[in-house]
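Just so you know, the sequences run in chain order W and F.
Just so we're aligned: the first sequence equals residues 1 to 284 in the working numbering.
Just so we're aligned: the second sequence equals residues 1001 to 1374 in the working numbering.
Down below is the structure, laid out as structure tokens.
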Amino acid sequence: MSRGVRRLAPALGLVPFFGYLTIFLIIPTIAVVVGAFVEKDQASLSNIKALGDNVVLRTLWHSIVLSAESAIIGAVLGALLAYAVVTGKPDGLLRRTVTSACGVLAQFGGVTLAFAFIATLGFSGVVTEAGRDVFGIDLFGSGWLFGLKGLTLVYTYFQIPLMVIVFLPSLDGMRVQWREAAESLGATTWQFWRYVAGPLLLPAFLGSTLLLFANAFAAYATAAALVSQGSPILPLLIRNALTSEIVLGQSHLAFALALDMIVVVVIVMTLYALLLRRTSRWLR
Amino acid sequence: MKRTTRNAALVISVVAISLGAAACGGPPDKKDSDSTTKAASATSAKDLGGMKALVEAAQKEGELNVIALPPTWANYGEIIKAFGKKYDIKVNSAQPDAASQDEINAANTLKGTKRAPDVFDLGQSVALANTKMFAPYKVATFDSIPEEFKDANGTWVNDYGGYMSIGFDTKKVPEVTSLNDLLGAKYKGKVALNGDPTQAGAAFSGVVMASVANGGSADDIAPGVNFFQKLKKAGNFLPVDPTPATIESGQTPVVIDWDYTNAAETAKLPSWKVVVPEGAAVGGYYYQAINKDAPHPAAARLWQEFLYSDEGQNLFLGGGARPVRADAMKSDGTLDEALFGKLPEVKGAPVLLTEAQTKTAADYLSKNWSKVAG
Chain W
1 MSRGVRRLAP ALGLVPFFGY LTIFLIIPTI AVVVGAFVEK DQASLSNIKA
51 LGDNVVLRTL WHSIVLSAES AIIGAVLGAL LAYAVVTGKP DGLLRRTVTS
101 ACGVLAQFGG VTLAFAFIAT LGFSGVVTEA GRDVFGIDLF GSGWLFGLKG
151 LTLVYTYFQI PLMVIVFLPS LDGMRVQWRE AAESLGATTW QFWRYVAGPL
201 LLPAFLGSTL LLFANAFAAY ATAAALVSQG SPILPLLIRN ALTSEIVLGQ
251 SHLAFALALD MIVVVVIVMT LYALLLRRTS RWLR
Chain F
1001 MKRTTRNAAL VISVVAISLG AAACGGPPDK KDSDSTTKAA SATSAKDLGG
1051 MKALVEAAQK EGELNVIALP PTWANYGEII KAFGKKYDIK VNSAQPDAAS
1101 QDEINAANTL KGTKRAPDVF DLGQSVALAN TKMFAPYKVA TFDSIPEEFK
1151 DANGTWVNDY GGYMSIGFDT KKVPEVTSLN DLLGAKYKGK VALNGDPTQA
1201 GAAFSGVVMA SVANGGSADD IAPGVNFFQK LKKAGNFLPV DPTPATIESG
1251 QTPVVIDWDY TNAAETAKLP SWKVVVPEGA AVGGYYYQAI NKDAPHPAAA
1301 RLWQEFLYSD EGQNLFLGGG ARPVRADAMK SDGTLDEALF GKLPEVKGAP
1351 VLLTEAQTKT AADYLSKNWS KVAG
């Protein structure tokens, strides 16, 4: 075997990965970017211009608000849960239960999740019925579950466990010695958190929040199963542009909308990468 | 019915003879592909040698791909079963809950494969925007279909239709007589529309109905959007997509939808009543067409023959839909009068939108519906 071949051999192992990446990420991205600048088989900026339309802007805003809200709620509650877990025994029952439950629940989405909420908080959901019969309160209202507020609640359901999973390693990286050192220098608990743990964990916390934001921003199946009236968020507006039997010929607008989403996600993920670099410097 | 059979028999025997003659001349190994291309370009059963030859060609293909035909919609469940049984052809029903545009998308993405849809059942705007994808075909009963419900060449033919209606559960809400009743406090969180009107034909027609009932017209859909804004403001508009399951479980006590889909519920839920609001009868017919790239061209054509036969048309009626040949069948005495009598009563001149009116209304809706749906 010549030296060149031997050097190439490890790269060979990566071929399936790059092949996969090419087919499922690179080619679709190129197709979306190119498609966004085409209309009626000709180069055109009309779909890019349509992104400035009021309906599109408002939908983009809704998408950002929904993702931010569910990310912040998920990050705060998830971080608290993760902290509670870390303070327990490293191989205790609590930790093992919470981490495995989070591993499952973070992936619980789509139709099943939407159905779970409809079955509990829908018009004849278990909780709604109980609220009506036992407490005489109307939890259902005019169907808030099927709008933006409902989506925020439902998304939080998978955001919290995801936060636990991504934030736990950072908390694990905190060394007991740091706390001991701070205390032996006379730091109070507040001072320890304010000057040592806080600054150390903040980049990881913000980074995880951004990851959660991107996770919610790109989610489609849950919203598609829950929302049937209107297209309050971008992924649903894309669905509308592709499948509407009323307003036709919007398939390239769908590309432009997808491009819109790619831009937002690229910004968020760039920030995430920067924060991650900062975090990893400390928590090795 | 008898008359058609005898005619068909005559045609078959004539064509069988000519076919036999043709078969003698042609190279034998090409026969198979010949019969497929022949079916793909046939514009009537005659082109293939009559009904019998069509049936044989279809049976040879053995399968038929249909798409977006919900079993509870216009009786499609029974129709698919009856067709499969009558001709011993396997019907593959894909994505029963898909929308019209999905049918066209599927035909484009699956083009050239065995799984592509053979036939379409489309809403008006999607059908008229895609006539290039259709194979013209005239069924045996083509002449008894009124002019306004078909393309002169048979590129598309309306199959069944109905009127926009309000279905409601008499056990859960008070009697509905007009659209504006729905604004009352007793209907809080109870009124559902079948789909998003910027996406689905039924919901779109629902907004047109609301418009007509509130001083609008086929040219002016704005009062309809205003009505739904008021409905939403009153807290009555329920943003749930109604399905038989939501109706039967009581989640959607009032549903604005085609009268045939609403009427189909009464069979399962006896307290379910259907009204077509007086003076606001908005009609709509579906468009039936053959995919010109159909993987089973003969079966696709046989399916059309079946749908427009007296049997097929009465099956639509069984699902509460108004078959397109209803008038002709009524005068022939082949219409199932018992079923026809059960259809909700329509008072006032029906409103049917033209293609241009639909487009104007759709443009208005795409810009303004977000006021209602948020």
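All residues carry an ideal CB built from backbone N, CA and C; glycine is no exception.
* Could you tell me whether any non-hydrogen atom of the ligand HEM is closer than 7 Å to the CB of F:PHE1083? => The ligand HEM is not among the ligands present in this structure, which contains no ligands whatsoever.
* Asked: To which residues does DSSP link W:GLU39 through a beta bridge?
  -> W:GLN42
* CA nearest to the CA of F:GLY1283, picked from F:ASN1368, F:LYS1347, F:ASN1214, F:THR1131 -> F:LYS1347
* To do: Check whether the Cβ of W:PHE255 lies closer than 8 Å to any Cβ atom in chain F.
  => no
* Sheet register partners of F:GLN1288 (DSSP bridge) -> F:ASP1121, F:VAL1157
* Secondary structure at F:LYS1090, three-state DSSP: helix, strand or coil? -> strand
* chain W contacts made by the region 1188-1216 of chain F, where a contact means CB separation under 8 Å -> LYS1188, GLY1189, LEU1193, GLY1195, ASP1196, PRO1197, THR1198, GLN1199, ALA1200, GLY1201, PHE1204
* Asked: Mind checking W:VAL285: buried by the 16 CB within 10 Å criterion, or exposed?
  -> Absent from the structure is residue 285 of chain W, since the part of chain W shown begins at 1 and ends at 284.
* To do: Could you please give me the residues that DSSP links to F:PRO1323 through a beta bridge?
  => Note: F:PRO1323 sits in a beta bridge opposite F:TYR1160.
* Asked: Between which two residues does the alpha helix (DSSP H) containing W:VAL164 stretch?
  -> 148-173
* DSSP state of F:ASP1310, grouped into three classes? -> Reduced to three states, the DSSP call for F:ASP1310 is helix.
* To do: Please check the pair F:VAL1157 and F:ILE1166, which I expect to be a contact at CB under 8 Å, by giving their CB distance rounded to whole angstroms.
  => The pair is not a contact, with the Cβ atoms about 29 Å apart (cut-off 8 Å).
* Which residues DSSP lists as bridging F:THR1044, in chain order -> Residue identity check: residue 1044 of chain F is Ser in the sequence provided, not Thr. For F:SER1044, which the question treats as bridged, DSSP gives the partners F:LYS1138.
* **Residue-chain proximity (W:SER142, chain F), Cβ-Cβ < 8 Å** => yes
* Asked: What is the C-beta distance between F:GLY1312 and F:TYR1260, in whole angstroms, given that I count them as a contact (C-beta under 8 Å)?
  -> In this structure, F:GLY1312 and F:TYR1260 do not form a Cβ contact; the two beta carbons are roughly 15 Å apart against a cut-off of 8 Å.
* Asked: Can at least three beta-carbon pairs, one atom from the region 37-56 of chain W and one from the region 119-137 of chain W, be found at a separation below 8 Å?
  -> no
* Partners in chain F for W:ARG58, counting only beta-carbon separations shorter than 8 Å -> SER1370
* **Min CB distance W:PHE37 to chain F below 8 Å** => So no, W:PHE37 is outside the interface.
* Going along chain W, which residues have a C-beta under 7 Å from F:SER1126? -> Here residue 1126 of chain F turns out to be Val, not Ser, going by the sequence shown. In chain order: GLU245, LEU248.
* Nearest candidate by alpha-carbon position, reference F:THR1358, set F:LYS1111, F:GLY1206, F:LYS1171 -> F:GLY1206
* Thinking F:ASN1214 and F:ALA1203 are a contact (beta carbons under 8 Å), I'd like their distance in whole angstroms, please. => Rounded, the Cβ-Cβ distance is 17 Å, inconsistent with contact.
* Asked: Any chance the region 1254-1268 of chain F sits against the region 1102-1110 of chain F, with 3 or more Cβ pairs inside 8 Å?
  -> no
* **First through last residue of the beta strand (DSSP E) which encompasses F:VAL1282** => Here F:VAL1282 belongs to no beta strand (DSSP E), and DSSP marks it neither H nor E.
* **Residues of the region 165-196 of chain W whose Cβ lies closer than 8 Å to any Cβ of chain F, in chain order** => Residues passing the 8 Å Cβ filter: none.
* Counting contacts by CB-CB distance shorter than 8 Å, is F:LYS1031 in contact with chain W? -> Model confidence at F:LYS1031 stands at a pLDDT of 41, short of 50, so the residue's coordinates are unreliable; what they give is reported in the following sentence. Cβ-Cβ to chain W under 8 Å: no for F:LYS1031.
* State buried or exposed for W:TYR20, treating a residue as buried only when at least 16 other CB atoms are found within 10 Å of its CB. => Residue environment for W:TYR20: exposed (fewer than 16 other C-beta atoms within 10 angstroms of its C-beta).
* Asked: Are any of the Cβ atoms in chain F nearer than 8 Å to that of W:SER63?
  -> no
* To do: Pick out the complete alpha helix (DSSP H) segments inside the region 1203-1238 of chain F, 4 residues or longer, and give them in chain order.
  => 1222-1233
* Residue burial classification, W:GLY296 (beta-carbon count within 10 angstroms, cutoff 16) -> Since the first residue shown for chain W is 1 and the last is 284, residue 296 of chain W is missing from the structure and cannot be characterised.
* Asked: What are the start and end residues of each continuous alpha helix (DSSP H) run of 4 or more residues lying completely inside the region 69-146 of chain W, in chain order?
  -> 93-105, 110-121, 126-130
* Asked: Does the beta carbon of F:ALA1356 come closer than 8 Å to any beta carbon on chain W?
  -> Chain W contact via Cβ: absent.
* Among F:ALA1361, F:ALA1300, F:TYR1285, F:ILE1247, nearest to F:PRO1270 - alpha-carbon criterion -> F:ILE1247
* Asked: Which residues in the same chain have their Cβ closer than 7 Å to the Cβ of F:GLY1154, if we skip the five residues on either side of it in sequence?
  -> Contacts found: THR1043, PRO1136, TYR1137, LYS1138, PHE1142.
* Asked: Is the beta carbon of W:ILE165 sitting closer than 8 Å to the one on W:GLY103?
  -> yes
* Are the Cβ atoms of F:ALA1140 and F:GLU1305 separated by less than 8 Å? -> yes
* Taking F:ALA1045 and F:ILE1067 to be in contact with their CB atoms under 8 Å, please state how far apart those CB atoms are, rounded to whole angstroms. => That pair is no contact at about 23 Å.
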